[in-house]
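Top line first, the protein sequences correspond to chains A and B.
So for the first sequence, the working numbering puts the first residue at 1; every next one is plus one.
So for the second sequence, the working numbering puts the first residue at 1001; every next one is plus one.
Ideal Cβ placement from N, Cα and C applies to all residues, glycine included.
Remember, it's a predicted structure, so these values are computed and weren't measured experimentally.
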Amino acid sequence: MNSTLAILAILDGISYAALVFLVSVGLSLIFGVLRVVNVAHGSLYAFGAYLAATFSLAIAPLSPWLTYPALIAASIVIGVICGGFIERFLLRPLYGRDDVLQLLITFAAFMIMDNLQRLLWGVQPIFAAEPLKLLPNISVFGVNYTSYQVILLPAVAVATLFGLRYFLRRTLAGAVILAVTEDREVSTAIGIDAKRVYFVTFIIGASFAALGGALASPTTSLVPGMGADMIVLSFAVAATAGLGQIEGTAHTALMIGLTRAFIIYIHPEFEVLVPYLLMVLVLLVRPYGLFGGTQVRKI
Amino acid sequence: MRFLKTAVAAGAAAIMWAGSAFAQGKPAEIKVGITTFLSGPASVFGVPAKAAAEMIAEDLNKKGGIGGVPVKVSFVDEGAGGEALVSNYRRMVQDEKVDATFASISSGSCNQLVPVAEDLNVMNFMWDCGAASILETKKYRYNFRTQANGTPEMLAVLVYLLKVKPDFKTIAVVNQDYAWGRESWEIFSTALKAMKPDVQVVAELFPKFGAPDYSTEISRLLALRPDVVLTTSWGGDLDTLVRQAGQRGLLQQSMFVLGIGESSIQRLGKDLPEGLIVGARGDHWFLHPEKKNDAAFKAFNEAFKAKTGAWPIYPVYHMAQAFSALQTAYDKAIKANGGNWPTREQVVDAAAGIEFATGFGRPVTLRPEDNQGLEAQLVGVTKSVPGYDFKVLDNMMIFDPKVITNPAGVRSVDWLKTLKPEFVKMDVPAFKP
């Protein structure tokens, strides 16, 4: 592999990693704070994508540039409505009970949303590429790239990472979330409304899942089953990073994106295996993930 | 006179008895159980096919059914897969007591259900699955394939490519990483090696089934610059690949061959450029050059569009073929039974070797040696024409199934290896849109 192909592979890897990070970070955030493995995360991604496409297709005739705010609006709508509903009515009654119940209830939500998706948007693939077409292609060594994928998506991913870091470490709301993450009982004792923190955090996490779907929607066909595929990949990324590790998720997404891109150039037959192979290798050596640490368990 | 009266009365009674016996022999309905994808990515085929089945059954019943008996259809979702599919299939046959089944779309489903149908002694039409090996490894009594298999489907596309672009030197493949993606490439590449051994395969890419992004594959192909890129992907995967490749100029750089792209043409709309080779898994095209002026064909297409919002795609026509085969088998069995209602076994006997016509394409023959359907193959190249907001097919060739299907008893891959470069010189007339 020569240096030209290596640069192409790096660009492809970064583009892929950006999308994977955006989807996985919500899962990681929810687990970090609520200790809930949200299986419905894939459905939130799919709903975000479908609603973004619906908004885009509706608003593009007015002005194609309005499709960008439409992507954001779709993410927020899904995060607030679907995320809020799941947390308030499905998860809240189960806090403090067996973790398996949370897993089962989010799995049930996933199944229901998967069917709801078919009812609402049908089974034919939907494509809404307007936001992608608005931005020009760029040429690297004679190979065309869409600037949406190699510039915009990585820029949004980086902004999300630093924005989330700033929010959690430099704002009062972030400090409150971290306090509840650290110790729910103590934070409740000092007057923090933990229920509200869980609710807001779940909505933020759900909105990130929907944002991942919304930003992916201009580049890909929206089809039944797309949520299931994404949840598996998100889990692999989040588990490799260490559940609840925001920066770790970014590093892992980049590692998976780059490895996958190089593998496609060198040994494409292993492409499908890359995320899972990396996950197994990492978890064998570090059972809590690359960035996770051992934790004290209360008995 | 008294004798005459007695004779007339006895005769009348005999006729009434016979009539009554005949009427009792006829069932109230012919139950047909259909497996089709109602969930998952393959529902892009399964849902239109279900709509077609309902339309065809309704139309058939309006015309008096089959042999005067109405047809009743029921459906099982192939998307459930695995054991759930087998259990539902058994329930359909054993509890609902269907008279025949149409199973399935996926070759994996067919591989699972064919032995079950054989065990349960129920006539099964493999109405859409394409794996050639199913009928090559064993002779079945109850299982028939009412359409072609992957071998003629891929061979027709390859011969078309060799006819319209005989001088290409390099090829790459981007197929979905599952049974069809792998098997279709094996068929295509084996035949290519036999007929044009100097072609170099520069990349074999098998991205994950359902992959949302092909950026890296496209970058690699842009760097490799192959003369031809083959893909036998379908559904959302094909749409994504074509759109992403188009946005980055790959469709303009290499000649793209969409092995089963007919089903994506309408969805891709203006994003599909001119000049791409498209196969149709049979001679299926809503503007079929030999049928486009046929009143029944037009009426069916328009009714389907009115019902679903889209013109029919190949699984719709495959479903129509299964119904046509069912009707032909029953009609033949009734005739062979002297006009009396046949037993199930008599219908199965009658199905072997039948030729049937849907009116939506050329007739199909069920080859008696292995129950494999011999179905013509239509291949064309995309072109813009006024009146449609998507590309239609130009320079269409319809391939004779007897020429491009492996002989009964010879495995596909073994037969493909025997092909010579002269095979391409077969005479195939071309049609304009």
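* **Coil, strand or helix - B:Glu1345 by DSSP** => helix
* Between A:Arg260, A:Ile263, A:Glu247 and A:Leu283, which lies nearest to A:Ser324 when the distance is taken from Cα to Cα? -> Given a span of 1 to 299 for chain A in the structure shown, any question on residue 324 of chain A remains unanswerable.
* **Alpha-carbon to alpha-carbon, A:Ser28 and A:Leu243** => 6 Å
* Asked: Ordered along the chain, which non-local residues of its own chain (more than five positions away) have a Cβ less than 8 Å from that of B:Leu1038?
  -> Gly1046, Val1047, Lys1050, Phe1075, Asp1077, Glu1078 and Gly1079
* Asked: At a Cβ threshold of 8 Å, is B:Gly1040 touching chain A?
  -> yes
* Identify the continuous alpha helix (DSSP H) that holds A:Arg97 and give its terminal residues. => Looking at the DSSP string, A:Arg97 is not in any alpha helix (DSSP H), and its letter there is neither H nor E.
* To do: Return the residue from the list A:Val37, A:Leu19 and A:Val285 that minimises the CA-CA distance to A:Gln149.
  => A:Leu19
* Burial state of B:Lys1332, where buried means 16 or more other Cβ atoms lie within 10 Å -> buried
* Strand pairing of B:Glu1204, partner residues [DSSP] -> B:Val1173
* With C-beta atoms as the reference, is B:Glu997 less than 8 Å away from B:Pro1342? -> Given a span of 1001 to 1433 for chain B in the structure shown, any question on residue 997 of chain B remains unanswerable.
* Asked: With contact counted as at least three CB pairs below 8 Å, one residue from each stretch, are the region 269 to 285 of chain A and the region 1200 to 1210 of chain B in contact?
  -> yes
* Nearest-angstrom Cα separation, counted from B:Pro1152 out to B:Pro1273 -> 26 Å
* Does the count of Cβ pairs from the region 1394 to 1409 of chain B and the region 1144 to 1161 of chain B closer than 8 Å reach three? -> yes
* Output the distance between the C-alpha atoms of B:Val1257 and B:Ile1171, rounded to the nearest integer angstrom. => 10 Å
* Can you say whether B:Gly1019 is buried or exposed, counting buried as having 16 or more other CB atoms within 10 angstroms of its CB? => Model confidence at B:Gly1019 stands at a pLDDT of 43, short of 50, so the residue's coordinates are unreliable; what they give is reported in the following sentence. By the 10 Å Cβ count, B:Gly1019 comes out exposed.
* **Beta-carbon contacts of A:Leu164 that lie in its chain and below 8 Å, excluding the five residues immediately before and after** => Val25, Leu29 and Ile246
* Is it right to say A:Asp193 is buried, meaning 16 or more other beta carbons lie within 10 angstroms of its own, or is it exposed? -> exposed
* Taking only beta-carbon atoms, is A:Thr54 less than 8 Å away from chain B? -> no
* Asked: What three-state label does DSSP hand B:Glu1355 in the structure shown?
  -> strand
* Looking only at its own chain, which residues have a Cβ that is under 6 Å from the Cβ of A:Pro69, when we skip the five neighbours before and after it? -> none
* Using alpha carbons as the reference points, say which of A:Ala253, A:Ala228 and A:Thr219 lies closest to A:Asn115. => A:Ala228
* Contained alpha helix (DSSP H) runs [length at least 4] in the region 1040 to 1088 of chain B, N- to C-terminal order -> 1043 to 1062
* Asked: Residues of chain A with a CB under 9 Å from the CB of B:Phe1206: which are they?
  -> Pro268, Glu269, Glu271 and Val272
* Asked: Is the CB of B:Ala1051 under 8 Å away from at least one CB in chain A?
  -> no
* Going along chain A, which residues have a C-beta under 7 Å from B:Glu1217? -> Ile264
* Asked: Nearest to A:Asn2 by alpha carbon, out of A:Val282, A:Phe262, A:Met279 and A:Leu283?
  -> A:Phe262
* Asked: Bridge partners of B:Asn1143, per DSSP?
  -> B:Asn1124
* Compute the Euclidean distance between the alpha carbons of B:Lys1139 and B:Asn1371, then round it to the nearest angstrom. => 8 Å
* To do: Could you run through the region 223 to 250 of chain A and flag, in chain order, every residue whose CB is less than 8 Å away from some CB of chain B?
  => Val223, Pro224, Gly225, Met226, Asp229 and Met230
* Asked: Should the region 1093 to 1100 of chain B be regarded as contacting the region 1118 to 1126 of chain B, the criterion being three or more beta carbon pairs within less than 8 Å?
  -> yes
* Asked: What residues in its chain sit with their C-beta under 6 Å from that of B:Tyr1178, if we drop five residues either side in the sequence?
  -> Phe1209
* Under the rule that 16 or more other beta-carbon atoms within 10 Å means buried, what is A:Ile138, buried or exposed? -> exposed
* Asked: Going by the beta-carbon positions, is the gap between A:Ala209 and A:Leu44 smaller than 8 Å?
  -> yes
* Is the shortest distance between the beta-carbon of B:Pro1027 and the beta-carbons of chain A less than 8 Å? -> no
* Check each residue of the region 1415 to 1432 of chain B: if its Cβ is closer than 8 Å to any Cβ of chain A, include it; give the result in chain order. => none
* Under 7 Å between beta-carbons, which chain A residues line up against B:Gln1244? List them in chain order, please. => Thr219
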